[in-house]
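Peer 1: Residue 420 is where the sequence shown starts when you use the numbering used here, and the numbers rise one by one after that.
Glycine residues also receive a C-beta, built at the ideal position from the N, C-alpha and C atoms.
Quick caveat: nothing in here was measured; it's all calculated off a predicted structure.
Let me give you the structure first, and then I'll get to my questions.
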Amino acid sequence: MTGKIVINEELCKGCLLCINACPQKLIVAAEEINSKGYHPAEFVDPKEACTGCTLCALICPEVAIEVFSKEKT
Ligand code: SF4
Ligand code: SF4
Numbered sequence: 420m421t422g423k424i425v426i427n428e429e430l431c432k433g434c435l436l437c438i439n440a441c442p443q444k445l446i447v448a449a450e451e452i453n454s455k456g457y458h459p460a461e462f463v464d465p466k467e468a469c470t471g472c473t474l475c476a477l478i479c480p481e482v483a484i485e486v487f488s489k490e491k492t
């Protein structure tokens, strides 16, 4: 199973909880700031290591993360 996430940058408050929650270390703080002045979380997964475990989405207090998973082909 592989996965991917989509982070709603405008909902993100830059709390970093998802960054610490991801077992694969696939989330970083963006250099840019969003319209509220926060550095939003950014998904970086060049090796497609995301498992779709949903830990990042479950911990996000702003419900800013959507998780999509797909079977490996
Ligand atoms: S779904 Fe799991 S592996 Fe994928 S980014 Fe979120 S915490 Fe990391
Ligand atoms: S847990 Fe949610 S609000 Fe916090 S940095 Fe991650 S996406 Fe942003």
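Provide the residue(s) that pair with A416 in DSSP beta bridges, ordered along the chain.
Peer 2: As shown, the chain starts at 420 and ends at 492. That puts residue 416 outside it, with no answer to give.
Peer 1: Less than 7 Å between C-beta atoms, sequence neighbours within five positions excluded: which residues of the same chain meet that for A468?
Peer 2: If we look at A468 and ignore the five residues flanking it on each side, its Cβ neighbours are Q443 and L445.
Peer 1: Which word fits G422, buried or exposed, when buried means at least 16 other C-beta atoms lie within 10 angstroms of its C-beta?
Peer 2: Looking at its Cβ environment, which holds 16 or more other Cβ atoms inside 10 Å, G422 is buried.
Peer 1: Ligand 2 and E485: does the residue's C-beta get closer than 7 Å to at least one heavy atom of that ligand?
Peer 2: False, no ligand heavy atom lies under 7 Å from that Cβ.
Peer 1: Would the beta-carbon of G433 be found less than 7 Å away from any heavy atom of ligand 2?
Peer 2: G433: yes, Cβ under 7 Å from ligand 2.
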